[in-house]
Amino acid sequence: MAFTFAAFCYLLAMLLAAVLIFFAIFHIIAFDELKTDYKNPIDQCNSLNPLVLPEYIIHIFFNVLFLLAGQIGTVALNLPLIGYHIYRYANRPVMSQAGLYDPTTIMNADVLSRCMREGWIKLAFYLLSFFYYLYSMIYVLVSS
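Residues in the sequence shown are numbered from 805 upward in steps of one, following my numbering.
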């Protein structure tokens, strides 16, 4: 049982996937607070927008590590979400700061429901990814 670079990548990805799970949960809670008028849109967007780029950077970072480790299958599983992140950021509203959420449009019912649905889908993806990385790490450790 040797600790290879691929095992290190899976271990790091598992830890970073836990961080991304917390980001997704925070987004879901924030959008629920907007839906129930618990917080105003400006404060909520000011707390959500700084988390967008770190989420994307973390996700791309461990996929680059997987690419360097030769784990092409794992990269292929993550490519749809990476593509969606690039598409979503390229088509974001015109704003003066980094982020995706505009306080003037976030309260529209269709935008709010789309953001909620996106948060739930990302949460499911990151949870499944976490367990996939756990299984793959164990498999790489046992097989080497």
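The beta carbon of each residue, even a glycine, is placed where N, CA and C say it ideally should be.
On a predicted model such as this, the values are computed, not experimentally measured, just so you know.
Inter-residue Cα distance where the pair is residue i and residue j
i	j	result
L927	A821	10 Å
T909	Y943	46 Å
P897	P907	10 Å
H889	Y930	14 Å
L855	M899	15 Å
L945	Y939	10 Å
R921	P884	17 Å
L916	F835	7 Å
Status (buried if at least 16 other CB within 10 Å, exposed otherwise) for residue i
i	result
G923	buried
A811	buried
L852	buried
L932	exposed
T840	exposed
S947	exposed
F809	exposed
F865	exposed
N867	buried
Residue of the options minimising C-alpha distance to residue i
i	options	result
L816	F870, I846 and Y860	F870
N912	I832, P845, F929 and I886	P845
Y905	N850, R921 and N882	N850
L881	Y936, V823, L838 and F830	Y936
F934	A806, M818 and T808	M818
E859	G903, S917, F807 and Y939	G903
Y814	G877, S917 and N895	G877
H863	I886, E837 and Q875	I886
R892	M941, E837, L857 and L872	L857
Residue interval of the alpha helix (DSSP H) (run including residue i)
i	result
F807	Unbroken run through F807: none, as it is neither H nor E.
L852	P845 to L852
Alpha helix (DSSP H) segments (min. 4 residues) lying fully within the segment 865–917 = 876–894
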